[in-house]
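Asker:
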Amino acid sequence: MKFIRKLKVQSAPSQTKLFGGLIIAASLMFSQAAWAAGTASGTAINNIAKLGYSVSGVAQNEICSATGPAGNSLGNGGTSGTTCTAGSNGAINTAFVVDNKVNLTLVTNDVAAVPVVPGQTNVVTTYTLTNTGNTVQDYSFAAAQLATGSTVFTTNDNFDTGACNVFAETNGTPGYQAADTATFVDELLPDLTKVIYVVCASIPGTQVNNDQANVSLTATTLAGGAATAQGAALTNAATNTAGVDVVFADPAVATANANNTNPVQAGVDAKAIANDAYKVVSANLSVAKTVNLVCDPVNGNANPKNIPGAAVQYAITIVNTGAAAASLTTLSDVLQLAGSGPATSGGATGIVFDPKLNSGALPATNCVSGNGANTFSGTGFAAKTGAGIGPGVTAPGAAADAMTAGGAIAGQTVTITFSSLTTSAIAAGAATTLAAGSYITVYFNAFIQ
Amino acid sequence: MKSPAIQLSKLINLSFAALLASTISFSAYAAGVEFSNKAEVDVTTIKDGKKETKRVAAKKVAPDGEVIYTTTFKNTIDKPISNIMITNPVPANMLYSADSATGANTVITYSVDGGKTYDAPEKLTVAGKDGKRRPAQAADFTDIRWIYKGDLATGKSSDVGFKAKVK
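Structure follows, in structure tokens:
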């Protein structure tokens, strides 16, 4: 018997187009949604091949593949365009399912050591945990003090903080608050992140500027699946089993990064380690008071002398040479009262506050307390601020520095309230904070009695 | 030459399904080829200090795991078969591993459009993110096609295959 069939050239089956189209759509979806973590565990991955052939030059019905050594020999479809989907045309999926790949990253959010001051409590370093595996997981945490001499952010550790606790972001408000109470991460989906806080009890009051405490945080992947309960520890599957196996895939870190925030660590342990640090950066204030002559009633401001009736200017400069901003509250200064002076002047010499901040300008008759023609400031006070230790104030000062609020005289006591200190160059409230490396100078005049 | 009716009577005992097909077309020849498809993984173990790699059936594979697909075809009829063409889609959630398709005595071409068209890798392009066409990469391949050169004699078998990684 002969088989006489016309020769038919196989062309791309039209049904395969449809199937392939679905594949493309799926690929695009995964490249956008779940690429980093990978295909979700438990996903079945199926495959069916298709065979076209001819006998004696005649195209035969296509065969969809089956599993098993002999496979499938039924040509149930057409000579082209056969749909090979499981259950139709004799097709049987060649299938496997995707395992639980365990992978995670833990990085510090702090770009430099967290600044702290001696005696501060509940100091916080911040981290981000990412589930880079393909399965919902729980995570537990452990914080530790790094050894003295260890380096993080290029600075060596030289003290330990008080005991540290670890909390996951709980209330959704950025930053650590007391309401962030979760001690483990519950049911973190693949590709999602969680902010983690290490909260250490205190910085010893004896620490000084530039002291640093280095800490490490270790996150450990636990089994997910049970909401609100911390999952069980995971074991890396030794063999390929019928169930979904747990495969630890977290990479080792052979070389720490420059800041050592991503330290050397073992891989394939379902753990990730990040380092961070607390650095003592405190304010360091110095206060200097200078006095200069403005004028006297005989010479005016031309080479004045310290004679009774002369005006002197007091300038009080506060400089922050520390590494942290300082909050200024009040400054007070008691002027010498008449009759309390040294015996050589009969004990009578005192000074009296000038409510007009006399400029000392000629004529010399204007060199008297409260002179309206020579006034620099309606309150009698002036202030200036800037970077550095300040240029000091060259008497008689300047009208531009006039304080409209913040200075007061009560009896012989001068009081500066920094929160209300205001000049044309200093907004109300701005003088409350003295930045590191900045100065503020307050000045006023007094007349010698 | 005998009539098609005689051929059909001979085929009845082979496959009822094939009979139905052959009443519509003359092109059906049932039970001509055994066609099987399997998915495997290479497992490396260290035994007595030596690395041993075994190829075992894929049951569970983690993301990034590489799976080896092998498709075997065997001529079980008394005539040589020709025009053998095998197509196999790269499964969803998998990426074709570059240069992994194998098949003795075959011409291998690839599709980047779900099997509509096939061509040599260097001739395939896909739309880039900027909308311009760019050369296709292995990860863009959606389907693989093997065309067997010449005939496969009675009783002979051959296989084709490729590797792909779980996304």
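Chains A and B, in that order, give the protein sequences.
Going by our numbering, the first sequence opens with residue 1, and the numbers climb by one from there.
Going by our numbering, the second sequence opens with residue 1001, and the numbers climb by one from there.
For each residue, glycine too, the CB sits at the ideal point set by N, CA and C.
#1: Determine which residues share a DSSP beta bridge with residue 1069 of chain B and list them.
#2: Is there at least one Cβ from chain B nearer than 7 Å to residue 246 of chain A's Cβ?
#3: When you compare only the Cα positions, how much space is there between residue 266 of chain A and residue 248 of chain A?
#4: Mark residue 1162 of chain B as exposed unless 16 or more other C-beta atoms lie within 10 angstroms of its C-beta, in which case mark it buried.
#5: Does DSSP put residue 54 of chain A in a helix, in a strand, or in coil?
#6: Sorted by chain position, which residues of the same chain lie with C-beta nearer than 6 Å to residue 1089 of chain B's C-beta, five sequence neighbours on each side aside?
#7: Which residue's Cα is closest to the Cα of residue 169 of chain A: A:154, A:56, A:186?
#8: What's the call for residue 463 of chain A, buried or exposed, on a 16-neighbour Cβ count within 10 Å?
#9: Beta-carbon of residue 1027 of chain B versus every beta-carbon of chain A: anything under 7 Å?
#10: Would you say residue 1081 of chain B faces chain A, with C-beta separation under 7 Å as the test?
#11: Provide the residue(s) that pair with residue 285 of chain A in DSSP beta bridges, ordered along the chain.
#12: Can you give me, in chain order, the residues of the region 281-295 of chain A that have a beta carbon less than 8 Å from any beta carbon in chain B?
#13: Taking the beta strand (DSSP E) that residue 1143 of chain B belongs to, which residues open and close that run?
#14: Return helix, strand or coil for residue 1138 of chain B, following the three-state DSSP convention.
#15: Specify whether the region 94-114 of chain A and the region 274-285 of chain A touch according to this definition: at least 3 beta carbon pairs, one from each stretch, less than 8 Å apart.
#16: What is the rounded straight-line gap between the Cα of residue 209 of chain A and the Cα of residue 324 of chain A?
#17: Three or more beta-carbon pairs under 8 Å between the region 83-95 of chain A and the region 249-266 of chain A, yes or no?
#18: Where does the unbroken beta strand (DSSP E) through residue 104 of chain A begin, and where does it stop?
#19: If I follow the unbroken beta strand (DSSP E) through residue 373 of chain A, where does it start and stop?
#20: Could you spell out where the beta strand (DSSP E) holding residue 407 of chain A opens and where it closes?
#21: Anything in chain A within Cβ reach of residue 1044 of chain B, meaning under 9 Å, just list it in chain order.
#22: Closer than 8 Å by beta-carbon distance: list the chain D residues that pair up with residue 1064 of chain B, in chain order.
#23: Tell me the residue span of the beta strand (DSSP E) that contains residue 1052 of chain B.
#24: Touching or not, the region 330-339 of chain A and the region 403-418 of chain A, by the rule of three or more beta carbon pairs under 8 Å?
#25: Assuming residue 297 of chain A contacts residue 361 of chain A (C-beta within less than 8 Å), just tell me the rounded distance between them.
#26: List, in order along the chain, the chain A residues whose C-beta lies closer than 7 Å to that of residue 1071 of chain B?
#27: From residue 156 of chain A to residue 191 of chain A, what distance separates their C-alpha atoms?
#28: What is the DSSP secondary structure of residue 159 of chain A, reduced to helix, strand or coil?
#29: By DSSP, does residue 366 of chain A sit in helix, in strand, or in coil?
#30: For the region 401-427 of chain A, which residues have a CB atom closer than 7 Å to at least one CB atom of chain B, in sequence order?
#31: Check whether chain A comes within 7 Å of residue 1093 of chain B, counting only Cβ atoms and requiring the distance to be less than that.
#32: CB residue 272 of chain A to CB residue 133 of chain A, shorter than 7 Å?
#33: Pick from A:130, A:398, A:68, A:237: whose alpha carbon is nearest that of residue 48 of chain A?
#34: Could you tell me which of A:399, A:212, A:163, A:389 sits nearest to residue 282 of chain A, measuring between CA atoms?
#35: Interface residues of chain B around residue 56 of chain A at Cβ under 7 Å?
#36: Under 9 Å Cβ-Cβ, which residues of chain A neighbour residue 1088 of chain B?
Answerer: Taking the structure as given:
#1: B:1039, B:1162
#2: no
#3: 12 Å
#4: buried
#5: strand
#6: 1143
#7: A:186
#8: This structure cannot speak to residue 463 of chain A, because chain A is shown only from 1 to 449.
#9: Unreliable placement is indicated for residue 1027 of chain B, whose pLDDT of 41 sits below 50; the coordinate value is still reported in the next sentence. By this cut-off, residue 1027 of chain B is an interface position.
#10: yes
#11: A:320
#12: none
#13: 1143-1148
#14: helix
#15: yes
#16: 9 Å
#17: no
#18: 104-108
#19: Premise fails: residue 373 of chain A is in no beta strand (DSSP E) and is neither H nor E.
#20: 407-410
#21: Within chain A, no residue comes near residue 1044 of chain B; the closest Cβ sits about 12 Å away, beyond 9 Å.
#22: The chain inventory of the structure shown lacks chain D, comprising the protein chains A and B.
#23: 1050-1057
#24: yes
#25: Rounded, the Cβ-Cβ distance is 13 Å, inconsistent with contact.
#26: 49, 65
#27: 34 Å
#28: coil
#29: helix
#30: none
#31: yes
#32: no
#33: A:68
#34: A:212
#35: 1079
#36: 47, 48, 49, 50, 65
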